[in-house]
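Numbering (our numbering), first residue to last: 112 to 382.
Structural data, given as structure tokens:
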């Protein structure tokens, strides 16, 4: 009887040892395959010029998912009931998803922004009521630097679902300006002066040709609309310099720029 028990224990130990050894081999091979697949996916994404932040995240996510599948498979080989294990993982994943709902929305938005690239680092954009230069595009936030040197973190979720204005997307921009003269002023002289100033500025592009027209007969002035094209990088330089140059030229040729005035009449009341 004792010899029979010993024999059964020996057979059980051999069988269990073989099962454990096979499971270890499967675990090692599975982990190696998981790493190999994640590296191959990363290499493929690099060839497709996927942004490096997204690439690293997807590689880690794919590697983690494959490793979890390997561990579950190995546990099943050892006779461990995996149904309850998978149910626990599913419940945990649901709880984490609900807790991180906002972050997951921002992550999904970040993935879309990185894939479709409506803007890139260095572009000057307007989003969610904020304007600034793009410092970095992260998975959860886009980092902007405003003209007064404030750093703003804008969540990617609302950005991906909202309007984005990219002022740097094109090489050229149209500079729109309005200059008023008095009703007694010479319109032809004003238009000629504006055209000469535009032609003298090398930053103003000859094509499309600048436009100088009467845009409005306002309450107190005749407003001349000026539309000129310039390189995107020269936009503000042209805009600000033209304001000063027009004031000086109008003063030189005798054109008055109207401004709000109020006449006050004093009446003496006899006692």
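Note that the Cβ used here is the ideal one computed from N, Cα and C, for glycine as well.
Let me check understanding here. Comparing Cα to Cα, which of the options lies closest to residue i?
i, options, result
"residue 281", "252, 226, 341", "341"
"residue 146", "133, 160, 130, 180", "180"
"residue 309", "234, 293, 349", "349"
"residue 367", "344, 223, 334", "334"
"residue 276", "238, 255, 264, 288", "238"
"residue 286", "227, 234, 336", "336"
"residue 221", "234, 174, 185, 166", "166"
"residue 292", "362, 273, 318, 319", "362"
"residue 154", "263, 130, 170", "170"
"residue 289", "322, 313, 279", "322"
"residue 294", "332, 226, 232", "332"
"residue 178", "160, 157, 139", "139"
Which residues mark the beginning and the end of the beta strand (DSSP E) in which residue i is found?
i, result
"residue 284", "283-292"
"residue 279", "No beta strand (DSSP E) contains residue 279, which DSSP labels as neither H nor E."
"residue 298", "Counting along the chain, residue 298 falls outside any beta strand (DSSP E), though it belongs to the alpha helix (DSSP H) covering 298-311."
Is the separation between the beta-carbon of residue i and that of residue j shorter than 7 Å?
i, j, result
"residue 257", "residue 243", "yes"
"residue 134", "residue 188", "yes"
"residue 315", "residue 339", "yes"
"residue 401", "residue 245", "Since the first residue shown for the chain is 112 and the last is 382, residue 401 is missing from the structure and cannot be characterised."
"residue 149", "residue 176", "no"
"residue 264", "residue 252", "yes"
"residue 236", "residue 247", "no"
"residue 137", "residue 182", "no"
With 16 other CB atoms within 10 Å as the buried threshold, where does residue i fall?
i, result
"residue 305", "buried"
"residue 230", "buried"
"residue 301", "buried"
"residue 217", "buried"
"residue 298", "exposed"
"residue 224", "buried"
"residue 151", "exposed"
"residue 411", "Because the chain is modelled from 112 through 382, residue 411 falls outside the range shown and cannot be assessed."
"residue 345", "buried"
Going by DSSP, name the residue or residues bridged to residue i.
i, result
"residue 150", "DSSP output for residue 150 lists no bridge partner at all."
"residue 327", "334"
"residue 266", "252"
Output the boundary residues of the alpha helix (DSSP H) element that contains residue i.
i, result
"residue 355", "346-364"
Say yes only if the C-beta of residue i is nearer than 6 Å to one or more non-hydrogen atoms of the ligand FMN, and no if none qualify.
i, result
"residue 338", "Annotation note on the ligand FMN: not contained in the displayed structure, which lists no ligands."
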